[in-house]
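In the working numbering, the protein residues as written are 44 to 454.
Before any comments, here is the structure.
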Amino acid sequence: MEGLIAIFAEVLAALIAPLVSAIGALIAAALTLLLELIACVLPTVARRFGRKLPPFPRAVRWIAASALVVTALLLSAGLIVQIFFAESVLRWAMDRQQARSGIAITWRSAQINLFTGHARFANLHLARLDHPTLAFDLTCTDADIDLAVLACVRGTAIVECAMIHGVRGELRQVLGSVVAVPHRTFRIDTLRVDDLELAVALSRSDSVTILRGPVRIEHFASETLTSNRLLFDVLFRSHANGSVFGAPISIDSGIADHGRWTQWRGTGVPVALMALYVGGPFSLFDAGQIDVDVQDTWNLEQPKYLHFDYRFAAHDLTVAPISELRGLGRMLAPALAEFVRRHDGALDLHATLDVDPDHFANALSLDARLLGRALMKPLGTALGLPPEELKTLSASLLKLGQGVLDHWRKR
């Protein structure tokens, strides 16, 4: 979803140039109209109340007359462009955007108001087929967009509302690549995406496809999306339900007790997908599914509190061959494979953390504790530490982390 929103933001950036020009013309027209009022209307008002004002100098009268002519020309030009050439201006802006980003954009019909910032597209088509890291071919049945046009003059693209419906197509992304966002900063106040269905292929840099399958989003809604924290807003400030590679997923979030809460749920999520977006221990497996149930609430201001409840219930797990692992993972793989075999490929990893001004507690499930003990010896070997020293180091690091959180909650 982050990649799709980044694509959407690139397209919106193309609308900024013509809107800035139009708004600049309106501001200039308003200023000249104000000068005209001062120069021409004020003397008339003064005479009505029996006061005689000295005549304006000839230069001022000439400037006022010129301003009136310019105002009339600007307003007339703006109206002519809006009535007869709005779609041509939009086409010109999209052609410039295609030259910069390589995204080809076409549509069956479009309605655009350059002064209010509203645009509506029917059968919108976006394609970038030859990009090395993020290629796509998308069709959207309807797209309705409202831009905050005055903000464009200040250099920030603000989308007040965007409603997108009926997205179909294909998307191909190279794992580990960074999703590029437009250089222009942007903010989307309200985003709604309904009825999205894509064929997605995820591959490595050596072009080996790791995952291929459908991504379906029945409904996605976000309160606020900003360019500098796009992934955070998608994960922690949105609502979504659908399926990813056949695994049902849902995201919910909201405001509670002066802070925020988030809940993610997924059933049968492929472990390869978890390895991509979470990494860590998930990257040591090459097959299996994971049921995800993550809940958290937090407030970073007063009163400060954190509550994390993370549960990953895995089944049908198999550890990746040692030849495919590197570094520390290669050394941990044998012990991990034996642990998984003794548990019939099933693990229940559950962790909780509660921090508030009057309370500090954390807990791990039995499987999580046993797994930690099973990996202690190979981890010590990898670090060159005897088991007792590694245990002491682990306890010290845990105590340090608790001390940091304890200091934070008491501030």
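Ideal Cβ placement from N, Cα and C applies to all residues, glycine included.
Next item on the list: Return yes when at least one heavy atom of the ligand MG lies under 7 angstroms from the C-beta of Gly256, else no.
Entry: Here there are no bound small molecules, and the ligand MG is not part of this structure.
Notebook entry, point to check: Are the CB atoms of Ser265 and Ser281 nearer to each other than 8 angstroms?
Noted result: yes
Next item on the list: List in chain order: all unbroken beta strand (DSSP E) runs of 3+ residues lying wholly within the stretch 226–288.
Entry: 229–231, 234–246, 252–265 and 281–287
Note to self: Within the continuous beta strand (DSSP E) that includes Gly302, where are the two ends?
What the structure shows: Gly302 to Pro313
Check: Are three or more beta carbon pairs between the stretch 370–388 and the stretch 338–352 nearer than 8 angstroms?
Finding: no
Note to self: Taking 8 angstroms as the limit between beta carbons, can you name the residues of its chain near Ser439, skipping five residues before and five after?
What the structure shows: none
Item checked: Collapsed DSSP secondary structure at Val398 in the structure displayed -> strand
Item checked: Distance between His208 and Thr149 (C-alpha atoms, nearest Å) -> 16 angstroms
Next item on the list: Could you check the C-alpha separation between Gln306 and Ala153 for me, to the nearest Å?
Entry: 38 angstroms
Check: Within this structure, are the beta carbons of Ser286 and Arg259 separated by less than 8 angstroms?
Finding: yes
Notebook entry, point to check: Residues bridged to Ile333 by DSSP?
Noted result: Val312 and Ala357
Next item on the list: Give me the Cα-Cα distance between Ala411 and Val210, rounded to the nearest whole angstrom.
Entry: 41 angstroms
Margin query: Assuming Pro358 and Gly323 are in contact, meaning their beta carbons sit under 8 angstroms apart, how far apart are those beta carbons, in whole angstroms?
Written below: Per the sequence shown, residue 358 should be read as His rather than Pro. About 19 angstroms; that fails the 8 angstroms criterion.
Margin query: As a quick exercise: from Leu274, Glu367, Asn166 and Val335, pick the residue whose alpha carbon is nearest that of Gly34.
Written below: Shown here, the chain extends from 44 to 454; a query on residue 34 therefore has no answer.
Item checked: Tyr320 burial status per 10 Å Cβ neighbour count (16 or more: buried) -> exposed
Next item on the list: Measuring alpha carbon to alpha carbon, tell me which of Leu375, Ala290 and Glu431 ends up nearest Ala417.
Entry: Leu375
Item checked: C-alpha distance - Val224 paired with Leu428, whole-angstrom precision -> Summary for Val224: the model assigns pLDDT 49, below 50, so the residue's position carries little reliability, and this model does not support an answer.
Check: For Val314 versus Leu360, is the C-beta distance shorter than 8 angstroms?
Finding: yes
Notebook entry, point to check: Since Gly370 is in the alpha helix (DSSP H), which residue starts that stretch and which ends it?
Noted result: Gly370 to Arg385
Next item on the list: Determine the closest residue to Ala425 out of Asp387, Gly370 and Asp185, with distance taken between C-alpha atoms.
Entry: Gly370
Check: For Val224, does the three-state DSSP call read helix, strand or coil?
Finding: Unreliable placement is indicated for Val224, whose pLDDT of 49 sits below 50; no coordinate value is reported for it.
Margin query: Just to confirm my understanding: we take Ile365, look at its own chain, exclude 5 residues before and 5 after, and list those with CB closer than 6 angstroms. What are they?
Written below: Arg373 and Ala376
Check: DSSP state of Ile146, grouped into three classes?
Finding: coil
Margin query: Please report the distance separating the alpha-carbon of Asp237 from that of His161.
Written below: 20 angstroms
Note to self: Between the alpha carbons of Gln141 and Thr269, how many angstroms are there, rounded?
What the structure shows: 23 angstroms
Next item on the list: Go ahead and pull the three-state DSSP assignment for Ser131.
Entry: helix
Notebook entry, point to check: For Leu413, which residues of its own chain have a beta-carbon under 6 angstroms away from its beta-carbon, when the five flanking residues on both sides are left out?
Noted result: none
Next item on the list: Using a threshold of 8 angstroms, state whether the C-beta atoms of Leu273 and Val243 are closer than that.
Entry: no
Next item on the list: Could you check the C-alpha separation between Ser437 and Pro175 for me, to the nearest Å?
Entry: 42 angstroms
Item checked: Neighbour-count burial assignment, Gly309, 16 or more Cβ in a 10 Å radius -> buried
Note to self: Please tell me whether Phe179 and Ala170 are closer than 8 angstroms, where the distance is taken between their beta carbons.
What the structure shows: yes
Margin query: Does Glu213 come out as helix, strand or coil in the three-state DSSP assignment?
Written below: strand
Notebook entry, point to check: In whole angstroms, what separates the C-alpha of Asp397 from that of Ala406?
Noted result: 9 angstroms
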